[in-house]
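Below is one structure; the comments refer to it alone.
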Amino acid sequence: MKMKSIYCYMLAGLMLTTSSCSSWLSEDDAPVMSYDYYETEAGVDAAIIAAYGFLRWGVGGERYNVLNELGTDLFTEGEDGVYRESFNKYATQLNPDVDILYDLWANHYKGISDANIAMQKIMESSLSESVKSKGYAEMQFIRAFLYFDLVQHFGRIPLVTEGSFDIRTDFKRASVADVYKQIISDLRNAAEALPDKVANKGRATCYSASHLLAKVYLTRGSAIADARGQQSTDMDSTLYYAEKVINSGAYQLMDNFSSLWDLKNQGNSEVIFAVQFTTNPLFNGNDGNKQHLFWLSWYEDQPGMLRDIENGRPYRRHVATKKTMEELFDHLHDSRFYKSFKWVYYANNEKTLPKWEPLSFDGTVYFTPDPAKGQVAGDLKFHLGDTAIYYTMQKTGLDPNSNEMRKFRANYNYTYFPREMHSIRYFPALVKWLDNNRTSIGEEKGGREWVRMRLAETYLLAAEAAGRKGDFDKAAEYINVVRKRAAWAEGEQKDQQIWLFEGGTNNTQSTYDALKVTPADLQGDFVAFMLDERGRELLGEINRWEDLNRCELLYDWVKRYNPDALYIKPYHKLRPIPQKHIDRLNPVGEISEEQNEGYY
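Residues -23 to -1, 1 to 577, numbered by mature numbering (1 follows the signal peptide of the UniProt record, and there is no 0), are exactly what the sequence shown covers, in order.
The structure is reproduced here in structure tokens:
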């Protein structure tokens, strides 16, 4: 008998879904779900696969990049985008009617509802205990993941843990402490019941549950003023579960930071859990991974360049702040700075290759080719495959709009962008989301996996927990594991900017000795140190807003480091509850009960 459609007012959609396809599915039609189907092992597996689809929402458009990176200390608004006023400036456009927040709410509660139904039917089935236990635990992992996203952004939220077969309109918000308690309960069971290995990447293991559990404990225990139900043992628990992953031997850091962003290395030894997509747009669900669009700089209007798949489709949504570019990194010794951004573009358009010629502005000739410098009038400045655009951190001291700057730049055979010329249109682009495996230049649906947990973060979770406990020796030990990989390695050629503009030398010596930390280095403002270390390692990996918020520093740090966040207020530590949710409540409480402070 086919399952009747089940609706929840809060979701206004079908509770059980098979619209999303995961990487371990064969590329054919998804199965039709029914209650009877849960009586089979294949049915349980299909329900779980469908539930994983809800984890894809965050990168299927301008979503988690807006919610978690825009309007922080590390990224501000680029030239374009519809969410700049609301999520970067924190203006009145950030209100209960903003679409992205309801979409988040609806997606996650629909996923939670599906998980609740599936968990109930799994446990009522006559399947073997081992199948039921694993299936139930996998659903708990997904439910906990979704609730963790929601509670960090909305605070008090409805907490629903049982499947409902009827329309409901009476959802009350639970305390933040109760939500965390449920998340931890789900993940503790998942960490015990899930296997340590899976045949198909993209499915949860006991280690992915443990990593997430460590992060949940750290988030709960980071609070001082906020009431999250924090316990005195939270840092012990964080350390226990992070070390469970670290000491398992199941994962290893990649040797080179750059290797993490090479598409050929997806599913590498460092990845603990990644949301999966496919390179075939037909089977990428409704969205695919669209993050490749939002971090790129404009390049196709420059001589010798045209838009191509390799360099991406530049939507220009996120620009690194001054803090990120000039203050966060040790430019001399930390390779992560130069390896996180795209500095060079190579000529790909023969039709627009430039020639050496006199240049003038407002009737004034400010550059004439000098043959003594190899600048022969009429000759091509460069050829296909040569450098066409080069961004640097050089500070010339020149006004970017002056004739002196025009003359300075004209002497280069390529289009040169020193630090003063970086802007909201032209800037070093973050490389972590580039996707040159798309089928065409215009294809928005990318297939890059979304890495939500990797071992370097596990080390940082353990380090922060240890330091918060006062064990700076252990904290330094774990930080240095990450910093050893962050340093330029022995024999590795450094970026030429290090000796051209940063005051360094052209050598291939390791920089680890200069980059490693000692316990004494950590005994100042340890939380600030760890936030910045997470920023260096996890830059642009869609977690910064949550990091600042969990440490209760969102307002202070955004106010200090993001000059575009003109209207941020302390209450912006929570998002507004979507008005579409409140409008459907019956009975509905006082607005102060249903809505977060500052939004009514």
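Note that the Cβ used here is the ideal one computed from N, Cα and C, for glycine as well. Just so you know, these numbers come straight off a predicted model, no measurement behind them.
- A direct Cα-to-Cα measurement between F122 and A406 gives close to 30 Å.
- Taken in chain order, the complete alpha helix (DSSP H) segments of 4 or more residues contained in the region 115 to 185 are 153 to 170.
- Per DSSP, V222 has no beta-bridge partner at all.
- When C-beta atoms of the region 521 to 533 are compared with those of the region 42 to 49, three or more pairs fall below 8 Å, so the two segments count as touching.
- In the structure shown, the three-state DSSP call for Y15 is helix.
- DSSP places F254 in the coil class of the three-state scheme, outside both helix and strand.
- Secondary structure at D311: strand, using DSSP grouped into helix, strand and coil.
- Residue environment: T298 is assigned as buried (16 or more neighbouring CB atoms within 10 Å of its CB, all protein chains considered).
- Where F449 is concerned, the enclosing alpha helix (DSSP H) starts and stops at F449 to A463.
- DSSP, read as helix, strand or coil, puts M231 in coil.
- A residue is called buried once 16 or more other Cβ atoms fall within 10 Å of its Cβ, and I161 is buried on that count.
- Close CB contacts of S236 within its chain, under the 6 Å cut and outside five residues either way in sequence, are with N242 (chain order).
- The beta strand (DSSP E) runs of length 3 or more contained entirely in the region 383 to 454 are, from start to end of the chain, 392 to 394 and 427 to 431.
- For F314, the CB contacts under 6 Å within the same chain, skipping 5 residues up- and downstream, are F306 and H308 in chain order.
- Per the coordinates, the alpha-carbon of W275 lies some 26 Å from the alpha-carbon of K471.
- Excluding residues up to 5 positions away in sequence, I286 lie with their Cβ nearer than 8 Å to the Cβ of S417 in the same chain.
- The beta carbon of L336 sits closer than 6 Å to those of F344 and A387, all from its chain and outside the five residues before and after it, given in chain order.
- A buried status is given to Y292, since no fewer than 16 other beta-carbon atoms sit within 10 Å of its beta-carbon.
- Burial check for S103: the Cβ neighbour count within 10 Å stays below 16, so the residue is exposed.
- 8 Å or more divides the Cβ of F254 from the Cβ of N245.
- Straight across, the Cα-Cα distance linking R40 with A23 is about 26 Å.
- Under DSSP, N266 takes part in a beta bridge, and its partners are G423.
- Across the structure, N484 and E304 are spaced so that their CA atoms are roughly 24 Å apart.
- The beta-bridge partner set that DSSP reports for H295 consists of E54.
- In this structure, the straight-line span from the alpha carbon of Q208 to that of L508 is close to 21 Å.
- Its chain contains S312, K471 and T488 as the residues whose beta carbon lies nearer than 6 Å to that of W465, once the 5 sequence neighbours on both sides are disregarded; these appear in chain order.
- Within the same chain, and ignoring the five residues on either side of V108 in sequence, the residues whose Cβ sits closer than 7 Å to its Cβ are E18 and V21.
- Using a 10 angstroms sphere on the CB of P564, the tally of other CB atoms stays under 16, which defines it as exposed.
- By DSSP's assignment, K319 forms a beta bridge with A406.
- Under the 10 Å beta carbon count, E327 is surrounded by fewer than 16 other beta carbons and is classified as exposed.
- Contact between the region 387 to 396 and the region 211 to 227 is absent: fewer than three C-beta pairs spanning the two stretches fall below 8 Å.
- With respect to L171, E115 sits close: the two C-beta atoms are nearer than 8 Å.
- Rounded to the nearest whole angstrom, the C-alpha separation of A497 and A452 is 11 Å.
- The criterion of a C-beta distance shorter than 8 Å is not satisfied by R120 and Y157.
- K493 sits in coil when the DSSP states are folded into three classes, being neither helix nor strand.
- Remark: three or more beta-carbon pairs, one from each stretch, lie closer than 8 Å, so the region 427 to 439 and the region 177 to 188 are flagged as touching.
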